[in-house]
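Student:
There are 2 protein chains.
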Amino acid sequence: MSANPNLNIVPFVSVDHMMRLVLRIGVETFLTELAAVIEEDFARWEQFDKTPRVASHSDEGVIELMPTSDGTLYGFKYVNGHPKNTKEGRQTVTAFGVLSDVGNGYPMLLSEMTILTALRTAAMSAVAARHLARSNSRVMAIIGNGAQSEFQALAFNAIVGVTDLRLYDIDPSATQRCAANLLGTGLSVKICGSSQEAVEGADIITTVTADKQSATILSDNMVGPGVHINAVGGDCPGKTELHKDILLRSEIFVEYPPQTRIEGEIQQLDADYPVNELWEVIAGRREGRASERSITLFDSVGFAIEDFSALRYVRSKLKETGLYAELDLLADPDEPRDLYGMLLRCKAQIAA
Amino acid sequence: MSANPNLNIVPFVSVDHMMRLVLRIGVETFLTELAAVIEEDFARWEQFDKTPRVASHSDEGVIELMPTSDGTLYGFKYVNGHPKNTKEGRQTVTAFGVLSDVGNGYPMLLSEMTILTALRTAAMSAVAARHLARSNSRVMAIIGNGAQSEFQALAFNAIVGVTDLRLYDIDPSATQRCAANLLGTGLSVKICGSSQEAVEGADIITTVTADKQSATILSDNMVGPGVHINAVGGDCPGKTELHKDILLRSEIFVEYPPQTRIEGEIQQLDADYPVNELWEVIAGRREGRASERSITLFDSVGFAIEDFSALRYVRSKLKETGLYAELDLLADPDEPRDLYGMLLRCKAQIAA
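For the protein sequence lines, the chains are L and F, in the order given. This note's numbering applies: residue 534 is where the first sequence begins, and numbers increase by one. This note's numbering applies: residue 534 is where the second sequence begins, and numbers increase by one.
1. For Gly636/L, tell me which candidate among Glu645/F, Gly630/F and Lys617/F has the shortest Cα-Cα distance.
2. In the DSSP assignment, find the alpha helix (DSSP H) that holds Gly823/L and state where it starts and stops.
3. Can you name the residues of chain F whose CB is closer than 8 angstroms to the CB of Val631/L?
4. Below 8 angstroms on C-beta distance, what does Gln624/L contact in chain F?
5. Can you list, in chain order, the residues of its chain whose CB lies under 8 angstroms from that of Asn613/F, leaving out five sequence neighbours each side?
6. Any Cβ of chain L within less than 9 angstroms of the Cβ of Asn763/F?
7. Listing by chain order, which chain L residues have their CB less than 7 angstroms from the CB of Arg826/F?
8. Under 7 angstroms Cβ-Cβ, which residues of chain L neighbour Pro600/F?
9. Label Ile883/L either buried or exposed according to how many other C-beta atoms from any shown protein chain fall within 10 Å of its C-beta, with 16 as the threshold for buried.
10. Is His761/L near Ile737/L, with beta carbons less than 9 angstroms apart?
11. So Asp697/L is in the beta strand (DSSP E); what residue range does that whole segment cover?
12. What does the alpha-carbon distance come out to for the pair Ile571/F and Gly719/L?
13. Whole angstroms are fine: how far does the CA of Gln729/L sit from the CA of Arg699/L?
14. Can you list, in chain order, the residues of its chain with a C-beta nearer than 6 angstroms to that of Val543/L? Leave out the 5 residues immediately preceding and following it.
15. In its own chain, which residues sit with a C-beta less than 6 angstroms from the C-beta of Asp574/F, not counting the 5 before and 5 after it?
16. Please go through the same chain and pick out, in chain order, the residues whose beta-carbon is closer than 6 angstroms to the beta-carbon of Ala576/F, but skip the five residues on each side of it.
17. Please check if any C-beta of chain B sits within less than 9 angstroms of the C-beta of Ile883/L.
18. With 9 angstroms set as the bound, which would you pick, yes or no: does the beta-carbon of Thr562/F sit closer than that to a beta-carbon of chain L?
19. Within the 9 angstroms Cβ cut-off, does Cys879/F reach chain L?
20. Can you give the Cα-Cα distance for Asn809/L and Glu561/L, rounded to whole angstroms?
21. Val546/L and Glu645/L look like a contact to me (Cβ under 8 angstroms); what is the Cβ gap, rounded to whole Å?
22. Drop a sphere of 10 angstroms on the beta-carbon of Glu825/L, count the other beta-carbons inside from all chains shown, and report buried for 16 or more, exposed for fewer.
23. Considering just the uninterrupted stretch of the alpha helix (DSSP H) at Thr650/L, what are its terminal residues?
24. Can you tell me whether Lys777/F is helix, strand or coil according to DSSP?
25. Excluding the 5 residues preceding and the 5 following Asp603/F in the sequence, name in chain order all residues of the same chain whose CB lies nearer than 6 angstroms to its CB.
26. Kindly list, in the order they appear in chain F, the residues whose Cβ is closer than 8 angstroms to that of His615/L.
27. Going straight from the alpha carbon of Ser535/F to that of Leu856/F, what length do you get?
28. Can Ser752/F and Gly797/F be called in contact, C-beta distance under 9 angstroms?
29. Could you check which residue in Tyr607/L, Tyr806/L and Thr565/L has the C-alpha nearest to that of Ala686/L?
30. Check whether the Cβ of Gly694/F sits closer than 8 angstroms to any heavy atom of the ligand COA, and report yes or no.
31. Glu683/L and Tyr607/F look like a contact to me (Cβ under 8 angstroms); what is the Cβ gap, rounded to whole Å?
32. Contact defined as beta carbons within less than 8 angstroms: I believe Gln681/L pairs with Thr708/L. What is the distance between those atoms, to the nearest angstrom?
33. Among residues of its own chain, excluding the 5 on either side of Ser827/L, which ones have a beta-carbon nearer than 6 angstroms to its beta-carbon?
34. Using a Cβ cut-off of 7 angstroms, which residues of the region 651 to 682 of chain F contact any Cβ in chain L, in chain order?
35. At the 9 angstroms Cβ level, is Arg818/F part of the contact set with chain L, yes or no?
36. Using a C-beta cutoff of 9 angstroms, does Ile910/F count as contacting chain L?
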């Protein structure tokens, strides 16, 4: 027997456990508490090791690893992006992640992150809007009504105070589904026939479309003064949603500039075009929007620290909920240097 | 129901399953078959996306991600290295890995890799020696008799034809344990009182010590003509085992030069010092040792393609052995774009 008989075990949150965890806590509460953890981590941004994600591109899509560490905990996420997947009944994006102890390198949590990424992306967008949008923002347009849209709606309702949604998707059935899923949430939902119609009167415009190509979901004339744009869908090289002229009129806020310049809307701009780092606003180092008439843009691509925050939050909920399984992931020989002896003892045990 | 009800499932090989798999196949057969897969992958080296490992260093150790892809499969390993861990009853190195389908980004295998890494490191060393050592090599010194030593012994016996071992460790109990574990394998084992004694008459010298520091396990006068050195322990910045003069007398073979120049014995040499790539020998692009009197050195640090080979090999054994569990790792909504609806249906199910 090892001194600590559980050194081999890593807590594992499956998809089923994640769904039960979110439902137990409540989606809105989960988003609000997760947003608070993200803000906490963004406020101590300088403590983190930061690196652009490590991407493996192919014709069909991309597989990425997103590591970061605050010196005490280490986290990484595995995530793919394959737009063609939906045709085969698969998700465009799936993900899982691990949180580890920097002191000994042992994983402390393995978790599904497909659902968790949807939640953290929405929480992150809402955090950015809370710091950048006009404080009386109540109406949000959502252009692109796929898997991320309901999470965005609920996060902006819970965290920013958005009460009215204007939905548009090139696929009307996606909009119908999104609207149906949001019934009973208290949100007032209007189904729109075009992007132009959706953005009318909107305080906040969320673009969250999925095609892997340079698209113009928003053209320059559609964006009036005072609007906050939450640009979620443009998140890899060659994939953008906004006309360049909108960028040139906006105060641009990003997560981690070296990554966003490769993946975000600002890939359309010169490599030294000035952008603002969102963490500085959250940490109180600088102001958010310059005026009520400014156009603010959160050029969201998703950064490793947000996943770190999400894993940290999920881990904090395990003890009280018990919603995890124990995974026999780490070899734990009786004597640490005797890995081969562990095999021999297993052999003897099987034979007995 | 989804069209394919198992899209959420990823096969998982736990530590217990890995031990049973290795024992079912037999350690020597496992090593030999794994060596063949490594040779296969090294022979098609140019097909792989290659990158130095992504390391997160701290005072206590390092956590690394090692990704690679051949365009069809994608693999990565998570591995830590914390020399102080053994004092707390933990492993210095633990690891797990994932193999995925490049076409859709979905993971196809999650596996423990602490045991598997020990096996692949030994198989890799033996593959290198089979191509670099004199063909009549029968005697091997192993300096450093920790967790990796028995695996090296068995791999060199099965793959290279080594019959006689000469063991030395600064901790005599480690040598005793290694010798005891190798009883009944047919290997002739001599316990030595010094490194000098261990290398006497050895055709192959394996150095596999663990201290994270520049050490001189082998000094220049200890290495005679015709010897093959299998340098396994020097594998991170600041951690080397060989005196620089040995390097200058040797024909040096490495896995992936950009990584080895940072982590291997050759970190002691100029950044442009000429080294040979092992894959070219395996692919038949160039000769191994120049003469019977040459000193050949395999400066092993461990590269992502070896882990990829190991995961590929393990995956090939799952169907016939059934030694895996099914992990509910991937969210699989009935309708791919309806992730939030999946939560709602889970809620209805719990309430029912």
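Beta carbons are placed, not taken as given, at the ideal position from N, Cα and C, and that holds for glycine. Computed from a predicted structure; not experimentally measured.
Tutor: Reading off the structure:
1. When only C-alpha atoms are compared, the closest one is Lys617/F.
2. Sequence check: residue 823/L is Ala here, not Gly. Where Ala823/L is concerned, there is no enclosing alpha helix (DSSP H), given that its DSSP letter is neither H nor E.
3. Tyr611
4. Leu863, Ala864, Asp865, Pro866, Pro869 and Leu872
5. Gly594, Val595, Ile596, Glu597, Val626, Thr627 and Ala628
6. no
7. Result: empty, since nearest Cβ-Cβ is about 34 angstroms, beyond 7 angstroms.
8. Val587, Ser589 and Leu598
9. exposed
10. It is a contact, given that the beta carbons lie within the stated cut-off.
11. Counting along the chain, the beta strand (DSSP E) containing Asp697/L begins and ends at Asp697 to Tyr701.
12. 58 angstroms
13. If I take the Cα positions, the gap works out to 11 angstroms.
14. If you ignore the 5 residues before and after Val543/L, its C-beta comes within less than 6 angstroms of the C-beta of Pro640, Leu643, Leu860 and Leu862, all in its own chain and listed in chain order.
15. Ile838 and Ser842
16. Ile815 and Ala816
17. Protein chains in the displayed structure are L and F, and chain B is not among them.
18. no
19. yes
20. Computed Cα separation, rounded: 29 angstroms.
21. 6 angstroms
22. exposed
23. Thr647 to Leu665
24. helix
25. Gln580 and Phe581
26. Gly636, Asn637 and Gly638
27. Low confidence applies to Ser535/F: its pLDDT is 42, below 50, so where it sits in the model is not reliable, and the reading given next is rough at best. Cα to Cα, Ser535/F sits roughly 26 angstroms from Leu856/F.
28. no
29. Thr565/L
30. The ligand COA is not among the ligands present in this structure, which contains no ligands whatsoever.
31. Rounded, the Cβ-Cβ distance is 30 angstroms, inconsistent with contact.
32. Incorrect: roughly 14 angstroms between the Cβ atoms, too far for contact.
33. Glu784
34. Cβ contacts with chain L: Ala651, Gly679 and Ala680.
35. no
36. Outside the displayed span of chain F (534 to 885) sits residue 910/F, for which this structure offers no information.
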